[in-house]
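Down below is the structure, laid out as structure tokens.
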Amino acid sequence: MLMRLLSCTRGVALIEFAYILPLMMLLYFGGMTVSELIAVDRKVTTAARALADLASRSISPAIIYNDPDAVSASSFLSASAISLAPYKLDKATQQISLLRVCDDSHAYVVWTRARTQNADGTVSSVIASSDTSGTLPTVETQSADTVVTIPNDMVSANMIPTSPDGSNVCGNLDPGTSTTTQVGTAGAFLYRGTVTYTYSPPISFMSFGTTELSDTIYMAPRLY
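If you're matching positions, the sequence shown starts at 5 in the numbering used here and goes up one per residue.
Structure follows, in structure tokens:
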């Protein structure tokens with residue numbers, strides 16, 4: 005009986021399967037999580053492009069510049085969120101900003117709006133923007149916080165304003181100086197659409213944690 009027990013191999017496959025099952029589950033659910041992460045990242049890029057495209061086609065920068073409160077971007081911000089479906093929209097924020105170039109790598113924030121939605125997108129809420137809008141053309145002191153960095157590979161020489169005294173326009177933050185071109189009064193306009201998404205893996209026992217996905221798209225306005 006002892007010899008028969010030692011030579012019996014009928015349960016080997018089951019034992020080997022029990023050993024390999026955790027690894028197989030890790031590979032399966034890990035691959036599923038990575039695939040979904042890539043899919044959400046592509047959705048974020050699509051939503052950012054849709055937001056910048058909608059704003060650049062529909063909102064005149066001249067109107068915003070002279071009367072920022074007269075322009076609402078809520079419909080464009082909410083419409084761009086549709087690109088994120090079927091993923092939960094309460095994990096995402098959409099932001100659109102109108103910039104005016106002041107040198108080859110910086111721009112002045114003329115106007116900015118940001119929103120988020122509930123999970124199914126039926127209700128949206130205004131949130132604080134990560135950009136700080138200025139007050140030009142109103143004659144009052146401007147804050148240095150209204151100047152933001154932009155990619156210098158998308159700015160051509162004819163988009164950059166010049167000051168009569170040769171100073172950098174991005175540093176002209178005091179409208180009391182009459183000999184220099186003030187920030188935001190001469191450079192080309194750009195729209196910047198930004199979408200962020202906080203991704204959590206669908207399998208709770210996997211310790212990947214959350215991943216912050218974000219994409220930013222710049223577009224020149226079609227209207228003036």
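Cβ coordinates follow ideal geometry from the N, Cα and C atoms, glycine included. Keep in mind it's a predicted model, so treat the numbers as computed, not measured.
Distance between beta carbons of residue j and residue i, contact taken as under 8 Å
i, j, result
"Ala54", "Ser84", "5 Å"
"Leu103", "Ala51", "Contact flag wrong, Cβ pair sits at about 19 Å."
"Ser101", "Ala224", "Rounded, the Cβ-Cβ distance is 14 Å, inconsistent with contact."
"Ser171", "Thr200", "That pair is no contact at about 35 Å."
"Thr215", "Leu41", "6 Å"
Cβ pair residue i, residue j closer than 9 Å
i, j, result
"Ile114", "Phe193", "A small fix is needed here, since residue 114 is Val in this sequence, not Ile. In this structure, Phe193 lies closer than 9 Å to Val114 by Cβ."
"Gly213", "Ala56", "no"
"Ala77", "Ile67", "no"
"Pro179", "Leu140", "yes"
"Ser133", "Gln99", "yes"
"Thr37", "Pro165", "no"
"Thr136", "Thr145", "no"
"Tyr112", "Val152", "yes"
Environment of residue i [buried if 16+ CB atoms lie within 10 Å]
i, result
"Thr230", "Since the displayed the chain opens at 5 and closes at 228, residue 230 lies outside it and no answer follows."
"Leu90", "Sequence check: residue 90 is Pro here, not Leu. Classification for Pro90: exposed."
"Ile154", "buried"
"Asn176", "buried"
"Ser82", "buried"
"Gly1", "Residue coverage of the chain in this structure runs from 5 to 228, which leaves residue 1 outside it and unanswerable."
DSSP-derived helix/strand/coil call for residue i
i, result
"Tyr241", "Coverage of the chain is limited to positions 5 through 228, which leaves residue 241 absent and any answer about it impossible."
"Tyr91", "coil"
"Ser62", "helix"
"Thr37", "helix"
"Ile100", "strand"
"Val48", "helix"
"Ser82", "helix"
"Leu140", "coil"
"Thr180", "Checking the displayed sequence, the identity of residue 180 turns out to be Gly instead of Thr. Gly180: coil per DSSP, three-state reduction."
Below-9 Å beta-carbon distance, residue i vs any chain C residue
i, result
"Asp71", "No chain C appears in this structure, which consists of one protein chain only."
Could you tell me whether the stretch 178-190 touches the stretch 13-29, using the rule of 3 or more Cβ pairs below 8 Å? Touching, no.
Below 8 Å, how does it come out for the stretch 115-123 and the stretch 88-106: are there three or more Cβ pairs, yes or no? yes
For the stretch 160-169 against the stretch 96-112, are there 3 or more C-beta pairs whose distance is under 8 Å? yes
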